[in-house]
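Participant: This is the structure I have questions about; it appears just below.
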Amino acid sequence: VRVAIAGLVGYAAVVYVLLSSTPLGWLDALFLAALIELLPVLAVIQVDLARDLAAERAQAYVTSAVTILILGVSSLALGWRLVGMEGMGLRIEPERIIYVMSWGAGILVLGAATLWLFLVLRKRCGWSESRLVRELLPLTRREKGLYAGLSLCAGFGEELAYRGYAIPAVIVAGASAPVALALTSGAFAVLHSYQGVLGVVRTGVVGVIMGAVFLHTGSLWPPMVAHVVIDLAVGFVFADKLVS
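First residue of the sequence shown: 10, per my numbering; consecutive thereafter.
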(Lines of atoms letter the chains of each structure in order from A and count residues from 1; the text may use other names and numbers.)
(Lines give C-alpha, C1' and ligand atoms only; values in the text may rest on other atoms or scores of the structure.)
Protein backbone atom coordinates (compact mmCIF):
# COMPACT_ATOMS: atom_id res chain seq x y z
CA VAL A 1 0.00 0.00 0.00
CA ARG A 2 2.79 2.40 0.88
CA VAL A 3 4.52 1.75 -2.42
CA ALA A 4 1.26 2.37 -4.30
CA ILE A 5 0.66 5.64 -2.47
CA ALA A 6 4.24 6.74 -3.05
CA GLY A 7 3.85 5.85 -6.72
CA LEU A 8 0.71 7.94 -7.11
CA VAL A 9 2.28 10.89 -5.29
CA GLY A 10 5.38 10.57 -7.44
CA TYR A 11 3.28 10.38 -10.58
CA ALA A 12 1.42 13.57 -9.65
CA ALA A 13 4.74 15.27 -8.93
CA VAL A 14 6.23 14.26 -12.29
CA VAL A 15 3.10 15.45 -14.12
CA TYR A 16 3.29 18.78 -12.30
CA VAL A 17 6.96 19.25 -13.17
CA LEU A 18 6.34 18.40 -16.83
CA LEU A 19 3.41 20.80 -17.07
CA SER A 20 5.05 23.65 -15.18
CA SER A 21 8.54 23.58 -16.64
CA THR A 22 8.34 21.98 -20.10
CA PRO A 23 6.44 22.66 -23.34
CA LEU A 24 4.54 19.38 -23.07
CA GLY A 25 0.75 19.55 -22.95
CA TRP A 26 -1.61 17.69 -20.65
CA LEU A 27 -1.87 14.48 -22.64
CA ASP A 28 1.87 14.15 -23.16
CA ALA A 29 2.64 15.04 -19.55
CA LEU A 30 0.18 12.45 -18.24
CA PHE A 31 1.36 9.74 -20.63
CA LEU A 32 5.10 10.37 -20.33
CA ALA A 33 4.86 10.43 -16.53
CA ALA A 34 3.00 7.13 -16.67
CA LEU A 35 5.74 5.56 -18.81
CA ILE A 36 8.69 6.70 -16.72
CA GLU A 37 7.18 6.60 -13.21
CA LEU A 38 3.72 5.12 -12.72
CA LEU A 39 3.98 1.95 -14.83
CA PRO A 40 7.37 0.93 -13.38
CA VAL A 41 5.99 1.39 -9.84
CA LEU A 42 2.94 -0.69 -10.71
CA ALA A 43 5.25 -3.36 -12.14
CA VAL A 44 7.07 -3.56 -8.81
CA ILE A 45 3.77 -3.85 -6.94
CA GLN A 46 2.52 -6.51 -9.36
CA VAL A 47 5.43 -8.80 -8.48
CA ASP A 48 4.25 -8.97 -4.86
CA LEU A 49 0.66 -9.60 -5.91
CA ALA A 50 1.38 -12.33 -8.47
CA ARG A 51 0.25 -15.82 -7.47
CA ASP A 52 -0.10 -19.19 -9.24
CA LEU A 53 1.03 -17.89 -12.62
CA ALA A 54 2.16 -21.32 -13.77
CA ALA A 55 -1.46 -22.37 -14.22
CA GLU A 56 -2.39 -19.10 -15.92
CA ARG A 57 0.38 -18.64 -18.48
CA ALA A 58 -2.01 -18.41 -21.44
CA GLN A 59 -4.11 -15.78 -19.71
CA ALA A 60 -0.98 -13.85 -18.73
CA TYR A 61 0.25 -13.86 -22.35
CA VAL A 62 -3.07 -12.60 -23.74
CA THR A 63 -3.55 -9.95 -21.06
CA SER A 64 0.00 -8.69 -21.46
CA ALA A 65 -0.27 -8.61 -25.26
CA VAL A 66 -3.48 -6.56 -25.18
CA THR A 67 -2.03 -4.15 -22.61
CA ILE A 68 1.15 -3.66 -24.61
CA LEU A 69 -0.81 -3.11 -27.83
CA ILE A 70 -2.88 -0.41 -26.15
CA LEU A 71 0.33 1.16 -24.87
CA GLY A 72 1.87 1.03 -28.33
CA VAL A 73 -1.14 2.47 -30.15
CA SER A 74 -1.41 5.27 -27.58
CA SER A 75 2.30 6.02 -28.01
CA LEU A 76 1.92 6.07 -31.79
CA ALA A 77 -1.02 8.49 -31.63
CA LEU A 78 0.62 10.87 -29.17
CA GLY A 79 4.06 10.62 -30.75
CA TRP A 80 2.69 11.29 -34.21
CA ARG A 81 1.14 14.49 -32.89
CA LEU A 82 4.22 15.51 -30.88
CA VAL A 83 7.17 14.79 -33.18
CA GLY A 84 5.70 13.16 -36.29
CA MET A 85 6.47 9.81 -37.90
CA GLU A 86 10.03 10.81 -38.72
CA GLY A 87 10.68 11.93 -35.16
CA MET A 88 9.48 8.55 -33.93
CA GLY A 89 11.81 6.79 -36.35
CA LEU A 90 8.99 5.19 -38.35
CA ARG A 91 9.76 6.68 -41.73
CA ILE A 92 10.87 4.06 -44.25
CA GLU A 93 13.63 5.23 -46.61
CA PRO A 94 14.46 2.66 -49.31
CA GLU A 95 17.99 3.97 -49.77
CA ARG A 96 18.76 3.33 -46.07
CA ILE A 97 17.29 -0.17 -45.78
CA ILE A 98 20.66 -1.96 -45.83
CA TYR A 99 22.08 0.53 -43.33
CA VAL A 100 19.11 0.09 -41.01
CA MET A 101 19.15 -3.71 -41.36
CA SER A 102 22.83 -3.80 -40.46
CA TRP A 103 22.12 -1.96 -37.23
CA GLY A 104 19.29 -4.36 -36.51
CA ALA A 105 21.73 -7.23 -36.93
CA GLY A 106 24.13 -5.42 -34.63
CA ILE A 107 21.48 -5.21 -31.91
CA LEU A 108 20.83 -8.93 -32.26
CA VAL A 109 24.53 -9.72 -31.85
CA LEU A 110 24.88 -7.45 -28.82
CA GLY A 111 21.58 -8.66 -27.38
CA ALA A 112 22.60 -12.31 -27.71
CA ALA A 113 25.99 -11.51 -26.20
CA THR A 114 24.28 -9.78 -23.27
CA LEU A 115 22.00 -12.75 -22.65
CA TRP A 116 24.94 -15.14 -22.79
CA LEU A 117 27.06 -12.94 -20.50
CA PHE A 118 24.35 -12.88 -17.86
CA LEU A 119 23.93 -16.64 -18.14
CA VAL A 120 27.65 -17.06 -17.47
CA LEU A 121 27.58 -14.59 -14.58
CA ARG A 122 24.55 -16.31 -13.11
CA LYS A 123 26.26 -19.68 -13.23
CA ARG A 124 29.54 -18.48 -11.75
CA CYS A 125 27.88 -16.43 -9.00
CA GLY A 126 25.26 -19.03 -8.13
CA TRP A 127 22.35 -16.76 -9.02
CA SER A 128 19.03 -18.00 -10.37
CA GLU A 129 16.20 -16.56 -12.40
CA SER A 130 13.15 -15.36 -10.51
CA ARG A 131 10.29 -17.76 -9.88
CA LEU A 132 8.05 -15.73 -12.19
CA VAL A 133 10.49 -15.98 -15.10
CA ARG A 134 10.64 -19.75 -14.75
CA GLU A 135 6.87 -20.09 -14.44
CA LEU A 136 6.08 -17.78 -17.37
CA LEU A 137 8.19 -19.62 -19.94
CA PRO A 138 5.95 -21.48 -22.44
CA LEU A 139 5.66 -25.27 -22.27
CA THR A 140 2.78 -26.50 -24.45
CA ARG A 141 2.31 -25.91 -28.17
CA ARG A 142 -0.60 -23.55 -27.48
CA GLU A 143 1.45 -21.59 -24.95
CA LYS A 144 4.33 -21.33 -27.39
CA GLY A 145 2.00 -19.93 -30.04
CA LEU A 146 0.60 -17.37 -27.62
CA TYR A 147 4.10 -16.50 -26.44
CA ALA A 148 5.17 -15.87 -30.03
CA GLY A 149 2.23 -13.49 -30.42
CA LEU A 150 3.17 -11.76 -27.19
CA SER A 151 6.74 -11.36 -28.45
CA LEU A 152 5.46 -9.60 -31.58
CA CYS A 153 3.25 -7.30 -29.51
CA ALA A 154 6.07 -6.55 -27.05
CA GLY A 155 8.59 -5.83 -29.77
CA PHE A 156 6.41 -3.28 -31.48
CA GLY A 157 4.41 -1.92 -28.53
CA GLU A 158 7.23 -1.48 -26.04
CA GLU A 159 9.58 0.01 -28.63
CA LEU A 160 6.91 2.48 -29.75
CA ALA A 161 6.40 3.47 -26.12
CA TYR A 162 9.89 3.58 -24.63
CA ARG A 163 12.01 4.40 -27.66
CA GLY A 164 9.77 5.88 -30.37
CA TYR A 165 7.69 8.07 -28.03
CA ALA A 166 9.40 8.44 -24.65
CA ILE A 167 12.90 9.34 -25.86
CA PRO A 168 11.73 12.16 -28.20
CA ALA A 169 9.21 13.34 -25.58
CA VAL A 170 11.89 13.62 -22.88
CA ILE A 171 14.08 15.53 -25.34
CA VAL A 172 11.19 17.86 -26.21
CA ALA A 173 10.78 18.39 -22.46
CA GLY A 174 14.30 19.84 -22.42
CA ALA A 175 16.59 16.93 -21.54
CA SER A 176 19.66 15.89 -23.51
CA ALA A 177 19.72 12.71 -25.56
CA PRO A 178 21.94 10.85 -23.03
CA VAL A 179 19.59 11.80 -20.18
CA ALA A 180 16.59 10.69 -22.23
CA LEU A 181 18.35 7.40 -22.99
CA ALA A 182 19.20 6.77 -19.34
CA LEU A 183 15.76 7.76 -18.03
CA THR A 184 13.76 5.69 -20.49
CA SER A 185 16.07 2.67 -20.28
CA GLY A 186 15.84 2.74 -16.48
CA ALA A 187 12.05 2.89 -16.56
CA PHE A 188 11.96 0.14 -19.19
CA ALA A 189 14.16 -2.04 -17.00
CA VAL A 190 12.06 -1.59 -13.84
CA LEU A 191 8.97 -2.36 -15.91
CA HIS A 192 10.38 -5.91 -16.06
CA SER A 193 10.66 -6.28 -12.29
CA TYR A 194 9.00 -9.69 -12.48
CA GLN A 195 12.36 -10.93 -13.78
CA GLY A 196 14.08 -10.10 -10.50
CA VAL A 197 17.15 -7.92 -9.96
CA LEU A 198 19.21 -9.95 -12.43
CA GLY A 199 16.55 -9.58 -15.11
CA VAL A 200 16.06 -5.87 -14.47
CA VAL A 201 19.77 -5.18 -14.97
CA ARG A 202 19.87 -7.41 -18.05
CA THR A 203 16.82 -5.67 -19.53
CA GLY A 204 18.32 -2.28 -18.77
CA VAL A 205 21.49 -3.13 -20.69
CA VAL A 206 19.50 -4.31 -23.70
CA GLY A 207 17.30 -1.21 -23.42
CA VAL A 208 20.34 1.07 -23.55
CA ILE A 209 21.59 -0.75 -26.66
CA MET A 210 18.24 -0.38 -28.42
CA GLY A 211 17.83 3.25 -27.39
CA ALA A 212 21.35 4.13 -28.50
CA VAL A 213 20.77 2.58 -31.92
CA PHE A 214 17.47 4.46 -32.22
CA LEU A 215 19.20 7.76 -31.42
CA HIS A 216 22.13 7.03 -33.74
CA THR A 217 20.16 5.86 -36.76
CA GLY A 218 16.98 7.86 -36.27
CA SER A 219 15.06 4.68 -37.06
CA LEU A 220 12.87 2.63 -34.74
CA TRP A 221 12.77 -0.38 -37.05
CA PRO A 222 16.07 -1.97 -35.93
CA PRO A 223 15.09 -1.97 -32.22
CA MET A 224 11.57 -3.20 -32.99
CA VAL A 225 12.65 -6.14 -35.11
CA ALA A 226 15.52 -7.01 -32.78
CA HIS A 227 13.20 -6.85 -29.75
CA VAL A 228 10.85 -9.39 -31.32
CA VAL A 229 13.69 -11.76 -32.22
CA ILE A 230 15.32 -11.47 -28.78
CA ASP A 231 12.03 -12.20 -27.01
CA LEU A 232 11.48 -15.22 -29.23
CA ALA A 233 15.01 -16.40 -28.52
CA VAL A 234 14.44 -16.11 -24.78
CA GLY A 235 11.33 -18.27 -25.00
CA PHE A 236 12.52 -20.85 -27.50
CA VAL A 237 16.34 -20.90 -27.50
CA PHE A 238 17.50 -19.82 -24.05
CA ALA A 239 14.52 -21.19 -22.10
CA ASP A 240 16.24 -24.38 -20.94
CA LYS A 241 19.30 -22.44 -19.80
CA LEU A 242 17.15 -19.94 -17.92
CA VAL A 243 15.39 -22.60 -15.87
CA SER A 244 18.46 -24.77 -15.28
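Beta carbons are placed, not taken as given, at the ideal position from N, Cα and C, and that holds for glycine. Just so it is clear, the structure is predicted and the values come from calculations on it, not from any experiment.
What separation, rounded to the nearest whole angstrom, lies between the Cα atoms of Leu159 and Met97?
Facilitator: The residue you call residue 159 lines up with position 150 of the sequence shown. The residue you call residue 97 lines up with position 88 of the sequence shown. Each residue's alpha carbon lies about 22 Å from the other.
Participant: Taking all protein chains shown into account, do 16 or more other C-beta atoms lie within 10 angstroms of the C-beta of Gln55, making it buried, or fewer, making it exposed?
Facilitator: Position 46 of the sequence shown, counted from the start, is the residue given in the question as residue 55. Exposed, by the Cβ-count rule.
Participant: Buried or exposed for Trp5, going by 16 or more other Cβ atoms inside 10 Å?
Facilitator: Not covered by the structure: residue 5. The range shown for the chain is 10 to 253.
Participant: Report the option in Leu58, Val50, Val24 and Leu51 whose CA atom is closest to the CA atom of Ala271.
Facilitator: It is not possible to answer for residue 271, since the shown part of the chain is limited to 10 through 253.
Participant: Classify Met97 as helix, strand or coil using the three-state DSSP reduction.
Facilitator: On the sequence shown, residue 97 is found 88 positions in, with the first residue counted as 1. In the structure shown, Met97 sits in coil (DSSP, three-state: anything other than H, G, I, E or B).
Participant: What is the DSSP secondary structure of Val201, counted as helix, strand or coil?
Facilitator: On the sequence shown, position 192 is the one that residue 201 refers to. The sequence given here has His at residue 201, not Val. Coil.
Participant: Could you tell me the alpha carbon to alpha carbon distance between Pro187 and Thr149, rounded to whole angstroms?
Facilitator: As a first step, residue 187 is located in the sequence shown; it is residue number 178 there, counting from the start. As a first step, residue 149 is located in the sequence shown; it is residue number 140 there, counting from the start. Each residue's alpha carbon lies about 42 Å from the other.
Participant: Who are the near neighbours of Met94 in its chain, counting only those whose CB is closer than 8 Å to its CB and skipping five residues on each side?
Facilitator: Reading the sequence shown from its first residue, position 85 is the one you call residue 94. Only Arg100 meet the Cβ criterion.
Participant: If you follow the alpha helix (DSSP H) that Glu104 is in, where does it begin and where does it stop?
Facilitator: Here residue 104 is taken as the residue at index 95 of the sequence shown, counted from 1. Run containing Glu104: none; DSSP gives neither H nor E here.
Participant: Pull up the distance between the alpha-carbon of Ala242 and that of Ala121, whole angstroms please.
Facilitator: Your numbering for residue 242 matches position 233 in the sequence shown. Your numbering for residue 121 matches position 112 in the sequence shown. Each residue's alpha carbon lies about 9 Å from the other.
Participant: Arg172 lies in the alpha helix (DSSP H); which residues open and close that run?
Facilitator: As a working mapping, residue 172 is identified with position 163 in the sequence shown. From DSSP, Arg172 is part of no alpha helix (DSSP H); its letter is neither H nor E.
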